[in-house]
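A.B. asks: UniProt numbering applies: residue 1 is where the sequence shown begins, and numbers increase by one. Glycine included, every Cβ here is placed at the ideal spot set by N, Cα and C. No experiment lies behind these values; they were computed from the predicted model shown. Here it is, the structure, as structure tokens.
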Amino acid sequence: MTQQSVASGNERIDLARSRDFDLGAAHVRPSLLEIRFGGRTEVVEPRVMQLLVALVRAGGAPVSRDELIETCWGGLIVSDDAVNQSVSKLRRAVAGIQGVTVTSVPRVGYRIVKPASALVEASRPPTLAGARRAVTLSAILAVASILAFDTRSQADATAQSPSLVRSRSGQADRLHATAVGLFRERSRPAYAEAETLLRQAVAADPKHAPSWARLSMVVWAPWWWAAEKDPQARIRLRSEAIGYARRALALDPRLAEGHQALGFVLWNAQGLRYLERAAVLDPNDAEIRQQLADLLEDQLELRRALAEAQRGLELEPTSARGMQTTAALLGRLGHQDDAEAVIDRLERMTRRASDARRARYMLSISQGKLADAAGQCSRSLVLGDDPWGPQACLVEIAAALHNQGIVDRLLRAQPKLADILAYKEPGYSVRLAQNRPSDWWADVFVGALARQLVARGNDRLLLSLYDDRYESADQLWAEQHDRADMVAPSLILAMKRSGRTDEAATLRAHWLADIRKMQVEGDNYFRVPVWSAQMAALDGDSAEAARWLNAAVSAGWKGYGDDVLAFEPDRDPVFALVRDSLEMRRAIARFKAAAAKEAEALKQLKLTSANWPKRIS
């Protein structure tokens, strides 16, 4: 067989034509999918071998994920999970080769670390004859492509008059505008109708970049509903949405809506850069400002988030969504009176009393007024508001305060609410981790799932979830920032108990930086003192852990809020490290007394006999 060098540029890697090469003490034969070392032969999947060849070809320099997708998947739309899994398999395949590792470069991609001479054969240029054959074939294909393009262009020019092209573009504009309005309704039927219209738009004008961009957002937004029936829906829809957004930007690199779409779908630090770019390209788009505010909040840039939300509200003063976000951020930053004023404005200016009621009970929850929030949720149901929001909050509050009567009544009216409480079921986190690891990471209650695994001695399973997906804590924080803080305490504990102290220290440093950032921002969320107490417990400082736990209770926390939903200190595996100290026993007793008082207030509302609709769908 004639050996040729690894292809250059962004051409897809052809394993059949890739020459053999040495990698440290191993000999790699791409065409046979073989890696030989230590007297044995490892046979890998074709995609894994393509990844190895791509990284080897780069000579140790980082290769971006986009480049890997281009060269190893032929530019197809693939999910991040598909890339992560293939990279994990490659790492396992080369794990036995001394001096060779595949490492992540945060926010860039991957690189291969190897002995200095490992790439000499792999990167050697092809023979002159091989080069001539490649050039000749490329030239023939290029000429054929040009002729074919010219033929199609002439046919298109004959078939389509300028007026017809303008007509199709105008039709796409109208369909796109209608779809944007539907998207902003934020309901499943509206998303479905918008998707239908946008597919008609791109069929009428395949080069209509705004329609491709909005189609990306419309396809991705309802993933949660789709995942109820198809566990793989999230991965599939995310890949599809990213493909549409990239297509929009390929058609128009300066399209603000295209950058907005990619930021909306990625929704991480990388996505933030896209949304910031969108805001620069179109500074007067209120929707972009709103999404930017939401993502900045997730990234703990709270004051910037409030500024963007207020800017969006200036651009669109009657935006119900804008007012809800602004009120929530004001409350989170301790401006309660201002938050109430914005909610009053929401009720007065938009005539959407149900949205105002939702904003009020969410504000009460953020202040730790659980019984008060439950009463507002009940009133919302009595008045006939869209039931899912108040139902969900009410069942969470009732479960947190151990009011089984309210929980049972809600589940009889809407059995689907059981999904919200599934994380409390013994063994749920294990089943989800084993059968649907991507959904495990995406779960709203991922912090509670991690606690359940560690509390039940499943440290190894939690660490495997981390190892299969991330190379390091740096990568975890870069790619999953909104989830990293939630799993940090349990993951650090599992690492320490497994002897991975250096990794635990790195993870702790990231987590501590976020806690301090929240403190500097003026964050009033209860997770700040709760996380501070957990960190002190991990450090073995019982007095400091008790001090922070007391601070959380003094601020009104009674076991509810974000990833500390229904969080009970006496059952937390992290607090178990210091639970026997006198200070912690007193702090936990104080917490339980506050929670019991709130539970009694909830009981006095007698919501088990409230006049809710007989059937809440």
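Output needed for Ala-209: all residues of its chain with C-beta closer than 7 Å, excluding positions within five of it in sequence on either side, in chain order.
C.D. replies: Result list for Ala-209: Ala-248, Leu-251, Asp-252, Leu-255, Gly-258, in chain order.
A.B. asks: Val-28 by DSSP, collapsed to three states: which one?
C.D. replies: Val-28 falls in the strand class under three-state DSSP.
A.B. asks: Can you look up Thr-101 in the DSSP assignment and give me helix, strand or coil?
C.D. replies: The answer is strand: DSSP assigns Thr-101 an E or B state.
A.B. asks: Which value, in whole angstroms, describes the spacing of the CA atoms of Gln-270 and Ala-478?
C.D. replies: Near 8 Å, if we compare the C-alpha coordinates of Ala-478 and Gln-270.
A.B. asks: With 16 other CB atoms within 10 Å as the buried threshold, where does Thr-158 fall?
C.D. replies: Only weak support exists for where Thr-158 lies, its pLDDT of 41 falling under 50; the coordinates are left without a value.
A.B. asks: Give the single residue among Leu-453, Val-105, Asp-485, Ile-235 whose Cα lies nearest to the Cα of Val-219.
C.D. replies: Of the candidates Leu-453, Val-105, Asp-485, Ile-235, the one whose C-alpha sits nearest the C-alpha of Val-219 is Ile-235.
A.B. asks: Can you grab the Cα-Cα spacing for the pair Cys-393 / Pro-387, in whole Å?
C.D. replies: Approximately 10 Å between the Cα atoms of the pair.
A.B. asks: So, helix, strand or coil for Asp-22, using DSSP?
C.D. replies: The answer is strand: DSSP assigns Asp-22 an E or B state.
A.B. asks: List the residues that DSSP assigns as beta-bridge partners of Tyr-110.
C.D. replies: DSSP output for Tyr-110 lists Val-63, Ser-104 as bridge partner(s).
A.B. asks: With 16 other CB atoms within 10 Å as the buried threshold, where does Ile-101 fall?
C.D. replies: Checking the displayed sequence, the identity of residue 101 turns out to be Thr instead of Ile. When all chains shown are included, Thr-101 counts as exposed.
A.B. asks: Pick out the complete alpha helix (DSSP H) segments inside the segment 437 to 477, 4 residues or longer, and give them in chain order.
C.D. replies: Complete alpha helix (DSSP H) runs here, min 4: 437 to 442, 446 to 455, 459 to 469.
A.B. asks: Quick check: the Cα distance between Leu-401 and Gly-559, rounded to an integer number of angstroms?
C.D. replies: Computed Cα separation, rounded: 8 Å.
A.B. asks: Below 8 Å CB to CB, which residues in the same chain sit around Ala-233 once its five sequence neighbours on both sides are set aside?
C.D. replies: Taken in chain order, the residues that qualify are Trp-223, Ala-226, Ala-227.
A.B. asks: Check this for me: beta carbons of Met-49 and Leu-23, under 8 Å apart or not?
C.D. replies: Cβ distance not < 8 Å, so Met-49 and Leu-23 don't count as in contact.
A.B. asks: I want to know whether the segment 339 to 358 touches the segment 537 to 549 - three or more CB-CB distances under 8 Å.
C.D. replies: At 8 Å Cβ cutoff, the stretches do not touch.
A.B. asks: What are the start and end residues of the beta strand (DSSP E) that includes Glu-42?
C.D. replies: Here the beta strand (DSSP E) through Glu-42 covers 40 to 43.
A.B. asks: Relative to the C-alpha of residue 623, which residue among Asp-337, Asn-611, Gly-389 is closest?
C.D. replies: The shown model of the chain, from 1 to 617, leaves out residue 623, and the question about it has no answer.
A.B. asks: Excluding the five sequence neighbours on either side, which residues of its own chain have a C-beta within less than 6 Å of the C-beta of Tyr-274, listed in chain order?
C.D. replies: Only His-259, Leu-262, Gly-263 meet the Cβ criterion.
A.B. asks: So what does Ile-35 bridge to, in DSSP terms?
C.D. replies: In DSSP, Ile-35 forms a bridge with Val-28, Glu-42.
A.B. asks: If you reduce the DSSP assignment to three classes, tell me which class Phe-264 lands in.
C.D. replies: Helix, per DSSP.
A.B. asks: Once DSSP output is grouped into helix, strand and coil, what is the label at Lys-597?
C.D. replies: Three-state DSSP puts Lys-597 in a helix.
A.B. asks: Which same chain residues, not among the five before or five after Pro-62, have their C-beta less than 8 Å away from its C-beta?
C.D. replies: Closer than 8 Å at the Cβ level, and outside the excluded window around Pro-62, lie Val-105, Val-108, Gly-109, Tyr-110, Arg-111.
A.B. asks: State the Cα-Cα distance for the pair Tyr-170 and Glu-42, rounded to the nearest angstrom.
C.D. replies: Looking at the sequence shown, residue 170 is not Tyr but Gly. One C-alpha to the other measures close to 57 Å.
A.B. asks: Which whole-angstrom value describes the C-beta separation of Ser-538 and Pro-489, a residue pair presumed to lie in contact below a C-beta threshold of 8 Å?
C.D. replies: The question names Ser, but residue 538 in the sequence shown is Leu. That pair is a contact at about 7 Å.
A.B. asks: Within 10 angstroms of the Cβ of Trp-612, are there 16 or more other Cβ atoms? Answer buried if so, exposed if not.
C.D. replies: Trp-612 should be labelled buried.
A.B. asks: According to the Cβ coordinates, are Val-202 and Leu-215 closer than 8 Å?
C.D. replies: Cβ distance < 8 Å, so Val-202 and Leu-215 count as in contact.
A.B. asks: Which of the three DSSP states is assigned to Tyr-525 in this structure?
C.D. replies: The answer is coil: DSSP assigns Tyr-525 none of H, G, I, E or B.
A.B. asks: Look up Gln-290 in the DSSP assignment and say whether it is helix, strand or coil.
C.D. replies: It is helical.
A.B. asks: Do Leu-292 and Glu-316 come within 8 Å of each other at the CB atom, strictly closer than that value?
C.D. replies: Against a cut-off of 8 Å, the Cβ pair of Leu-292 and Glu-316 comes out as no contact.
A.B. asks: Return the chain-ordered ranges of every alpha helix (DSSP H) run that is complete within the segment 311 to 359 and spans a minimum of 4 residues.
C.D. replies: Entirely contained in the segment 311 to 359, the alpha helix (DSSP H) runs reaching 4 residues are, in chain order, 320 to 332, 336 to 350.
A.B. asks: Which residues in the same chain as Met-1 place their Cβ atom closer than 8 Å to its Cβ, once the five residues preceding and following it in sequence are excluded?
C.D. replies: At Met-1, the pLDDT of 32 sits below 50, so the modelled position is not reliable and the matter cannot be decided from this model.
A.B. asks: Going by the beta-carbon positions, is the gap between Ala-505 and Pro-529 smaller than 8 Å?
C.D. replies: Not a contact, by the Cβ cut-off of 8 Å.
A.B. asks: In chain order, what residues of the same chain have a beta carbon less than 8 Å from the beta carbon of Leu-296, not counting five sequence neighbours either side?
C.D. replies: Cβ neighbours of Leu-296 beyond the five flanking positions: Leu-272, Leu-302, Arg-304, Ala-305, Glu-308.
A.B. asks: Smallest Cα separation from Gly-522: which of Arg-188, Ala-58, Leu-300?
C.D. replies: Of Arg-188, Ala-58, Leu-300, the residue nearest in Cα terms is Leu-300.
A.B. asks: Taking the alpha-carbon of Glu-600 as reference, which of Asp-344, Tyr-466, Asp-372 has the nearest alpha-carbon?
C.D. replies: The candidate whose alpha carbon is nearest that of Glu-600 is Asp-372.
A.B. asks: Output the distance between the C-alpha atoms of Arg-456 and Ala-536, rounded to the nearest integer angstrom.
C.D. replies: Their Cα atoms are separated by approximately 22 Å.
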